[in-house]
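First to last, the sequence lines map onto chains A and B.
Heads up, the first sequence is in my numbering, so the first residue is 111 and it goes up one at a time.
Heads up, the second sequence is in my numbering, so the first residue is -4 and it goes up one at a time.
Each residue gets a CB set at the ideal place from its N, CA and C atoms; glycine is no exception.
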Amino acid sequence: MNNKKPSNARSIIAHVTLIILSFMCLFFFYILLINSTRSHAELQKGFSALPSSHFMENFRAVANDGTFPMLRGIVNSLIVSGCCAAICTYFSALTAYGLYAYRFKLKNAAFTFIMMILVMPTQVTAMGFLRLITKMGMYDTLWPLIIPSIASPAVFYFMYSYLQSSLPLALVEAARIDGSGEFHTFNRIVLPIMKPAIAVQAIFTFVGSWNNYFVPALVLQSKDKMTVPILIATLRGADYMNFDMGKIYMMITVAIVPIIVVYLFLSKFIIAGVTLGGVKE
Amino acid sequence: MAEVSLKGIKKIYDNKVTAVHDVNLEIKDKEFIVLVGPSGCGKSTTLRMVAGLEEISGGELYIGGKLMNGIAPKDRDIAMVFQNYALYPHMSVYDNMAFALTMQKVPKEQIDKKVREVAEILDIAQYLERKPKALSGGQRQRVAIGRAMVRDPKVFLMDEPLSNLDAKLRNQMRAEIIKLRSRINTTFMYVTHDQTEAMTLADRIVIMKDGFVNQIGTPQELFNKPVNLFVAGFIGMPVMNFFEGCRLLLDGDKYYAEIRGVRFELDAFQQKTLKSNGQKPCDIVCGIRPQHITVGEGDLTATVEVNELMGSEYNIHARSGDDEVVMVIPTVGLATDVSMGSRINFTAHSDLIQLFDKESGNNLIWYDAGSAANNAPVCKDYPF
């Protein structure tokens, strides 16, 4: 009985703290959503916690604005993020499998080299990267945003850890004896086993790529090629007194909705992903 | 259905560690060979070299008369059952069993017929749509065997297939494998560290230690005619009793084994063999199996320390001088008091006493220096 009281008090403190933190996190999203339903005139009047009726009006304004092609930006971001997630997870899984399942000379050196790249920030290589893609004729295209994601040391390391805990090499050997070729074994046997790890890394890569500002800002010039973060950044140049603020809030809402959807629907995988690699089934 | 021939097979790893030394083994068509030995003796490595999963560092491997060095596992026409089953977890039992045939591009109708036929034999037809994780250990093992069976391989390789099962299921599956063997009638190579499995399943057993083959023979040969101390101690349960400080004596033209001052006149076959080998008197280690000891007779004495009633027999652990002696004595007709602390007399018939040279550890009667199987170095240590 004596033990119960402190535990209740602790629980109350924990809940209050969590409620405050949750409020602080979610309040700004709430205001963003509310503001996206209000007209410019209503927004000029000041703060309101209740939604208004201008949601579709604002949405149409965003969709039809040629200066800030937000829908085109979302499509660009979806293409880049989707491709990045797909090729990053596939090739990282392939690399991790290669290093995990095969014995070859310099295997340890290859692993160390990949880990060294992991600690190198993107900014260090940015100028060289920009020169390279300009010489390759890829400046102001989406390719430089997609292709480099093939090599992702962090995703590779996650996949490698997952393989260590989840893929008995006997499975690969059984497939070899059954007559399966090496690529066929990877695609038919190994990839399905890695599905949970691939799912979680695909989400993280998708979100990371969606939010990426640095590289797109370096390589994209044309408005019709811009991704969502670049378009939102251009809003900084807008005249807030004359610009339709309802439209701006709608732009930001539209830009973050895909990410919220991804998190809401795949939160189970994201939580599972945190424990992946360290737990042996 | 093929004979397998290993000629001087070696495995040397990159770090220069030799895991398998010059294994010579001729496996006849449809023979059931069991490789047995303690952990790290090279038995699994040998099997994996036959499977093509490990590169052969030296020597030649023939399956069905064809040289197999450097040939990919899929082209060796073998099937293998792994210790951890190695079932593809995302595929149903049906797909697991059909996988190899799909790879061979066998028509779907034939695959279906074959898979269902094998599933019936193994009594897993009702589980064909299930995933491996929904099966028990025994059922998974059947699926693993079934996956190998559908291929009708020339050679069936099994790497400790029962070691993940509990004792009861292991006994059951062992019986299943014996039945299965009579049905599919192909060449088997089976690896285990469990001597009971080896004794019950094998036509011939290959005993390995430290990468060397110590003896190849039928279970009965290994039990009755162990070539060295290691084989003698490894095969048989309870383990053979070894008596240190014994002597081989030559009195006139007769050989005697002297254990704790008690002389045993050796039988005619032992006399003849020792004479033909020109054996001189020497220090020896005598081995007597617990089942070959007679209590209540003879001049050897011991004090009973532990007395285990096993139903139809007693397992008696007694102390005779410095040696602990284990005896298996039938309970029926036992006239001697074998209660704890009692002093007993015991003896054994001389033809059941194994004589090992103290220096080399080799059996003075059964060790054949010319045998290709006996390439093991001097083995003086007991396997326990």
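Which of helix, strand or coil DSSP assigns to His16 of chain B: The count along the second sequence starts at 1 and reaches residue 16 of chain B at position 21. Looking at His16 of chain B - three-state DSSP - the assignment turns out to be strand.
Proximity to Arg192 of chain A [Cα-Cα], best of A:Lys378, A:Phe296, A:Val372: On the first sequence, residue 192 of chain A is found 82 positions in, with the first residue counted as 1. Correcting the residue identity first, residue 192 of chain A is Gly in this sequence and not Arg. Considering only alpha carbons, the answer is A:Val372.
Contacting residues, own chain, Cβ-Cβ under 7 Å from Ile313 of chain A (five flanking each side not counted): Position 203 of the first sequence, counted from the first residue, corresponds to residue 313 of chain A. The residues are Val372, Leu376, Phe379, Ile380.
Closer than 8 Å to chain B by CB, Glu283 of chain A: Within the first sequence, the letter at position 173 stands for residue 283 of chain A. Output row for Glu283 of chain A: interface = yes.
Alpha helix (DSSP H) segments (min. 4 residues) lying fully within the region 158 to 238 of chain A: 165 to 174, 180 to 211, 217 to 228
Near-chain B residues of the region 175 to 192 of chain A - C-beta to any C-beta below 7 Å: Within the region 175 to 192 of chain A, no residue qualifies.
N- and C-terminal bounds of the beta strand (DSSP E) containing Lys2 of chain B: The residue you call residue 2 of chain B lines up with position 7 of the second sequence. That run of the beta strand (DSSP E) goes -1 to 7.
Three-way DSSP call (helix, strand, coil) for Met144 of chain B in this model: For the purposes of this step, residue 144 of chain B is taken as residue 149 along the second sequence, with counting starting at 1. Note: Met144 of chain B maps to helix in three-state DSSP.
Chain-ordered neighbours of Ser290 of chain A on chain B, where CB pairs are closer than 8 Å: On the first sequence, residue 290 of chain A is found 180 positions in, with the first residue counted as 1. Chain B residues near Ser290 of chain A: Lys69, Phe94, Met98.
Distance between Ala139 of chain B and Met237 of chain A (C-alpha atoms, nearest Å): Walking along the first sequence from the start, residue 237 of chain A turns up at place 127. Walking along the second sequence from the start, residue 139 of chain B turns up at place 144. Going by the C-alpha atoms only, they are around 56 Å apart.
Bridge-paired residues (DSSP) for Asn357 of chain B: Against the second sequence, residue 357 of chain B aligns to sequence position 362. According to DSSP, Asn357 of chain B bridges with B:Asn223.
Residue environment, Thr40 of chain B, which counts as buried when at least 16 other CB atoms sit within 10 Å: Against the second sequence, residue 40 of chain B aligns to sequence position 45. Per the 10 Å Cβ criterion, buried.
Interface partners of Pro302 of chain A on chain B, CB under 7 Å: The residue labelled residue 302 of chain A in the question sits at position 192 within the first sequence. Those are His85, listed as they occur along chain B.
Cβ neighbour criterion (16 or more within 10 Å) applied to Ala219 of chain A: Indexing the first sequence from 1 puts residue 219 of chain A at position 109. The residue is exposed, with fewer than 16 neighbouring Cβ atoms inside 10 Å.
Buried or exposed by the 16-neighbour rule on C-beta atoms within 10 Å, applied to Gln215 of chain B: Start at 1 with the first residue of the second sequence, and residue 215 of chain B comes out as number 220. Exposed.
For Glu392 of chain B, three-class secondary structure by DSSP: Because chain B is modelled from -4 through 379, residue 392 of chain B falls outside the range shown and cannot be assessed.
CA-to-CA distance, Ser355 of chain B to Asp376 of chain B, given in whole angstroms: The residue given as residue 376 of chain B occupies position 381 in the second sequence. The residue given as residue 355 of chain B occupies position 360 in the second sequence. Confidence is the limiting factor: at Asp376 of chain B the pLDDT is only 47, short of 50, which leaves the residue's position unreliable, though a coordinate-based value still follows. The straight-line gap from Cα to Cα measures roughly 10 Å.
Contacts around Pro263 of chain A, its chain only, beta-carbon distance under 8 Å, and the 5 residues preceding and following it disregarded: To locate residue 263 of chain A, count along the first sequence from 1; it is residue 153. If we look at Pro263 of chain A and ignore the five residues flanking it on each side, its Cβ neighbours are Ile224, Met225, Ile227, Leu228.
As assigned by DSSP and simplified to three states, the class of Arg148 of chain A: The residue given as residue 148 of chain A occupies position 38 in the first sequence. DSSP places Arg148 of chain A in coil when its eight states are reduced to three.
Test: Ala14 of chain B CB closer than 8 Å to a CB of chain A: Within the second sequence, residue 14 of chain B is the residue found at index 19, counting from 1. Not an interface residue.
Cα-Cα separation, Gln233 of chain A to Thr97 of chain B: Here residue 233 of chain A refers to the residue found at position 123 of the first sequence. Here residue 97 of chain B refers to the residue found at position 102 of the second sequence. Going from the Cα of Gln233 of chain A to the Cα of Thr97 of chain B covers about 49 Å.
Completely contained beta strand (DSSP E) runs for the region 129 to 211 of chain B, where each covers 3 or more residues: 150 to 154, 182 to 187, 199 to 204
Any C-beta of chain A under 8 Å from that of Ala81 of chain B: By one-based count along the second sequence, residue 81 of chain B stands at place 86. So, interface residue.
7 Å Cβ shell around Glu292 of chain B - same chain, five flanking residues per side excluded: Residue numbering aside, residue 292 of chain B sits at position 297 when the second sequence is read from its first letter. Within the same chain, Glu292 of chain B has close Cβ partners Asn340, Thr342.
Residue-level contact to chain B via CB, Pro278 of chain A, 8 Å cutoff: As a position in the first sequence, residue 278 of chain A is number 168, starting the count at 1. Interface residue, yes.
Interface residues of the region 183 to 198 of chain B facing chain A [CB-CB below 7 Å]: none
beta-carbon Val201 of chain B near the ligand COA non-hydrogen atom, thresh 7 Å: The model depicted lacks the ligand COA and carries no ligand whatsoever.
Cutoff 8 Å: Met235 of chain B Cβ touching any chain A Cβ: In the second sequence, counting from the first residue as 1, residue 235 of chain B sits at position 240. Taking Cβ atoms only, chain A never reaches closer than 8 Å to Met235 of chain B, which makes this a no.
Reduced DSSP category for Asn272 of chain B - H, G, I as helix; E, B as strand; rest coil: Here residue 272 of chain B is taken as the residue at index 277 of the second sequence, counted from 1. Reduced to three states, the DSSP call for Asn272 of chain B is coil.
Coarse secondary structure for Val29 of chain B, derived from DSSP in three states: By 1-based counting over the second sequence, the position of residue 29 of chain B is 34. Reduced to three states, the DSSP call for Val29 of chain B is strand.
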